[in-house]
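Asker: Can you read through this structure? Questions will come right after.
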Amino acid sequence: MNNILVTGGCGFIGSNFIHYLFNQSDFKGKIINADKLTYAGNPENLKSIEKKYSDSRYFFEKIDIAKFSEIESIFEKYEIDYIIHFAAESHVDRSITGPSEFIHTNIVGTFNLLELARKSWKDRKDVLFHHISTDEVYGSLGDTGYFYETTLYDPRSPYSASKASSDHLVMAYFHTYGLPVTISNCSNNYGPYQFPEKLIPLMINNMLEEKSLPVYGDGKNVRDWLYVEDHCSGIWEIVKNGKRGETYNIGGENEWTNVDLLNILCEKVAVEKGKDKDYYKKLIMFVKDRAGHDRRYAINCDKIKAELGWKQSVNFEQGLEITVKWYIDNLQWMKNINSGEYRKWIEKNYLNRQ
Ligand code: NAD
Ligand code: TYD
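Taking our numbering, the leading residue of the sequence shown gets 23, the next gets one more, and so forth.
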């Protein structure tokens, strides 16, 4: 395994993946992390990696994948063997109020990467473009049924439509140009380093600040939750052994209504903070529903289990406990985000770099 270009490596899943990869004994190569450092990109997530590997195995490049010349400069500077593409605008609520960035980054950015991969790899077959996608491309389920790899795409938010569009481009490059590609469509992730706009870290943050816990609509929407490290192991398995030109679903097989999840989360935080088990539940507040709110997501991930021997390793109780502990132990990380301190730190350390 040689040089891996990770895009969006300063975000939630990307940074967990870089930590994961440097812990794998079968990975001996280099990582080039190309990230624009949007509001969601936080190099603080990779401080320990920088310290340990930046002289020889870890390289950071601040680039916008939606700008062709910027991504081209990476291909000129480094010999890239694998691309693992995480970079995206990832929050559904933001895609409702401002879809434009989603089109630029998720669609144009993916297209730029594919074009550069195609041109610089030519006929190389020992390379791979792995695209990280979401189960949201499949649309919304009723009370029963699952998303399979064969389920027809039916995206319903600007976010999921932009991801669906990029998935189609990736497969088009496989069929048209023979570019070696794989795609993973994963359910909702949770764990350390998740930006506190997403359900779980937002709610933990609000509990710690004794703020209200806003539940959209009736709180009965269902999501399938997967601990982020299990997503990382699935991606790594696909990169190593996945069949080129194939899509793999990755999921937790762990469905929860938002309100049930929140009740458990309240109890976990209460235990950690030494409070009565129901202490934080009084902060739960039902608010106006999200526009076009998908009702239920549920993944069937039999294919990756059967073909690649992958399985989840962290159960939900455990995963939530690790996650709650992490946010409490890393209060400063959250405070830096909330106060904008981390932005100042980025500006000092990264944005003004030559
Ligand atoms: P995130 O928002 O935490 O991180 C996104 C990263 O991409 C940030 O570091 C950001 O700076 C970078 N980025 C954004 N625009 C860029 C651009 N134009 N050029 C270069 N870098 C840019 O996202 P995440 O939750 O870590 O998601 C990573 C990927 O996984 C996304 O493709 C997302 O669609 C997918 N995904 C996420 C989940 C989930 O539950 N979070 C589930 C399934 C799939
Ligand atoms: P989110 O973390 O935004 O992920 P996604 O929309 O990609 O599934 O939201 C998860 C679920 O939680 C979703 O049904 C919307 C709901 N939600 C709330 O009820 N309140 C909130 O403040 C947020 C951010 C989400």
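Every residue, glycine too, gets a C-beta built ideally from N, C-alpha and C. Source: prediction; values computed, not measured.
Are three or more beta carbon pairs between the stretch 154 to 161 and the stretch 126 to 139 nearer than 8 Å?
Answerer: Flag = no, the stretch 154 to 161 and the stretch 126 to 139 do not touch.
Asker: Spell out the partners DSSP gives Leu-235 in its beta bridges.
Answerer: Numbered from 1 along the sequence shown, position 213 holds the residue referred to as residue 235. Looking at the DSSP assignment, Leu-235 forms a beta bridge with Ile-306.
Asker: In this structure, what does DSSP give as the bridge partners for Val-203?
Answerer: Mapped onto the sequence shown, residue 203 falls at position 181. For Val-203, which the question treats as bridged, DSSP gives the partners Phe-151.
Asker: Could you compute how far the alpha carbon of Asp-57 sits from the alpha carbon of Trp-332?
Answerer: Within the sequence shown, numbered from 1, the residue matching residue 57 stands at position 35. Within the sequence shown, numbered from 1, the residue matching residue 332 stands at position 310. Taking the straight line joining both Cα atoms gives about 28 Å.
Asker: Would you list the one or two residues that DSSP bridges to Phe-10?
Answerer: No information on residue 10 is available, as it lies outside the stretch 23 to 376 that the chain covers here.
Asker: So is Leu-136 in contact with chain C if we call contact Cβ pairs under 8 Å?
Answerer: Note that chain C does not occur in the displayed structure, where there is just one protein chain.
Asker: Let me know the secondary structure DSSP gives Cys-254 once reduced to three states.
Answerer: What you label residue 254 is simply residue 232 of the sequence shown in a count that begins at 1. Here Cys-254 sits in helix by DSSP.
Asker: Assuming Val-114 contacts Tyr-181 (C-beta within less than 8 Å), just tell me the rounded distance between them.
Answerer: Counted from its first residue, the sequence shown places residue 114 at position 92. Counted from its first residue, the sequence shown places residue 181 at position 159. Right, their Cβ atoms sit about 5 Å apart.
Asker: Can you tell me whether Leu-150 is buried or exposed? The criterion is at least 16 other CB atoms within 10 Å of its CB, across all chains shown.
Answerer: Residue mapping note: residue 150 aligns to position 128 of the sequence shown, counting from 1. When all chains shown are included, Leu-150 counts as buried.
Asker: Measuring from the CB of Leu-230, is there a heavy atom of the ligand TYD at a distance below 7 Å?
Answerer: Along the sequence shown, read from residue 1 onward, the residue named residue 230 stands at position 208. No, the ligand TYD has no heavy atom inside 7 Å of this Cβ.
Asker: Pop quiz: Phe-338 and Val-237 are said to be a contact at Cβ under 8 Å. What is the actual Cβ separation, rounded to whole angstroms?
Answerer: For the purposes of this step, residue 338 is taken as the residue at position 316 of the sequence shown. For the purposes of this step, residue 237 is taken as the residue at position 215 of the sequence shown. Contact doesn't hold; Cβ gap of about 19 Å is too wide.
Asker: Taking its Cβ as the centre, do 16 or more other Cβ atoms sit within 10 Å of Asn-52, making it buried, or is it exposed?
Answerer: As a position in the sequence shown, residue 52 is number 30, starting the count at 1. The residue asked about is misnamed: residue 52 is Lys in this sequence, not Asn. Classification of Lys-52: buried, given that the 10 Å Cβ count is 16 or more.
Asker: Could you tell me if the beta carbon of Asn-210 falls within a distance shorter than 7 Å of some heavy atom in the ligand TYD?
Answerer: Residue numbering aside, residue 210 sits at position 188 when the sequence shown is read from its first letter. Yes, since a heavy atom of the ligand TYD falls inside the 7 Å radius drawn around the Cβ of Asn-210.
Asker: Report the rounded CA-to-CA distance for Glu-63 versus Cys-32, giving the unit in angstroms.
Answerer: For the purposes of this step, residue 63 is taken as the residue at position 41 of the sequence shown. For the purposes of this step, residue 32 is taken as the residue at position 10 of the sequence shown. It should be pointed out that residue 63 corresponds to Gly in this sequence rather than to Glu. Roughly 5 Å separates the two Cα atoms.
Asker: Grab me the residues of Gln-376's own chain with a C-beta within less than 6 Å of its C-beta, minus the 5 sequence neighbours each way, in chain order.
Answerer: Here residue 376 refers to the residue found at position 354 when the sequence shown is read from its first residue. Its pLDDT being 49, under 50, Gln-376 is placed unreliably by the model, and the measurement read from it follows with that caveat. Nothing meets the Cβ criterion.
Asker: Measuring alpha carbon to alpha carbon, tell me which of Phe-44, Ser-37, Leu-27 ends up nearest Lys-377.
Answerer: As displayed, the chain neither begins before 23 nor continues past 376, which places residue 377 out of reach and without an answer.
Asker: Which whole-angstrom value describes the C-beta separation of Asn-358 and Glu-66, a residue pair presumed to lie in contact below a C-beta threshold of 8 Å?
Answerer: Along the sequence shown, read from residue 1 onward, the residue named residue 358 stands at position 336. Along the sequence shown, read from residue 1 onward, the residue named residue 66 stands at position 44. Their Cβ separation, rounded to whole angstroms, is 7 Å, which keeps Asn-358 and Glu-66 in contact under 8 Å.
Asker: Could you give the distance in angstroms between the alpha-carbon of Phe-39 and the alpha-carbon of Phe-108?
Answerer: On the sequence shown, residue 39 is found 17 positions in, with the first residue counted as 1. On the sequence shown, residue 108 is found 86 positions in, with the first residue counted as 1. Their Cα atoms are separated by approximately 10 Å.
Asker: Rounded to whole angstroms, what's the CA-CA distance from Met-356 to Ala-328? Just pull it up for me.
Answerer: Here residue 356 refers to the residue found at position 334 when the sequence shown is read from its first residue. Here residue 328 refers to the residue found at position 306 when the sequence shown is read from its first residue. When rounded, the distance between both Cα atoms is 39 Å.
Asker: Identify the residues that DSSP records as bridge partners of Arg-318: which are they?
Answerer: One-based indexing of the sequence shown puts residue 318 at position 296. Val-244.
Asker: Would Cys-323 pass as a contact of Ile-272 if the rule is Cβ separation under 8 Å?
Answerer: Within the sequence shown, residue 323 is the residue found at index 301, counting from 1. Within the sequence shown, residue 272 is the residue found at index 250, counting from 1. Taking 8 Å as the Cβ cut-off, Cys-323 and Ile-272 qualify as a contacting pair.
Asker: DSSP three-state label for His-190, please.
Answerer: Your numbering for residue 190 matches position 168 in the sequence shown. In the structure shown, His-190 sits in a helix (DSSP, three-state: H, G or I).
Asker: In the stretch 100 to 131, which residue ranges form an unbroken alpha helix (DSSP H) of at least 4 residues, counting only runs that do not cross its ends?
Answerer: Fully enclosed alpha helix (DSSP H) runs of 4 or longer: 114 to 119.
Asker: Please work out which residues of its chain come closer than 6 Å, Cβ to Cβ, to Cys-288, disregarding the five sequence neighbours upstream and downstream, and give them in chain order.
Answerer: Taking the first residue of the sequence shown as position 1, residue 288 is located at position 266. Cβ within range, chain order: Tyr-302, Lys-303.
Asker: Alpha helix (DSSP H) containing Ile-222: first to last residue?
Answerer: To locate residue 222, count along the sequence shown from 1; it is residue 200. Segment 221 to 230, the alpha helix (DSSP H) holding Ile-222.
Asker: Can you tell me whether DSSP reads Glu-137 as helix, strand or coil?
Answerer: The residue you call residue 137 lines up with position 115 of the sequence shown. Glu-137 falls in the helix class under three-state DSSP.
Asker: What is the DSSP secondary structure of Cys-208, reduced to helix, strand or coil?
Answerer: To locate residue 208, count along the sequence shown from 1; it is residue 186. The answer is strand: DSSP assigns Cys-208 an E or B state.
Asker: Cβ of Ser-179 within 8 Å of Cβ of Ile-260?
Answerer: For the purposes of this step, residue 179 is identified with residue 157 of the sequence shown, where counting begins at 1. For the purposes of this step, residue 260 is identified with residue 238 of the sequence shown, where counting begins at 1. No, the Cβ-Cβ distance between Ser-179 and Ile-260 is not below 8 Å.
Asker: For a test of your reading of the model: does the CB of Leu-248 fall under 7 Å from any non-hydrogen atom of the ligand TYD? Yes or no.
Answerer: The residue given as residue 248 occupies position 226 in the sequence shown. Outside the cutoff, so no.
Asker: Does the structure place the stretch 226 to 243 close enough to the stretch 191 to 206 that three or more beta carbon pairs sit under 8 Å?
Answerer: Output reads no: the stretch 226 to 243 does not touch the stretch 191 to 206.
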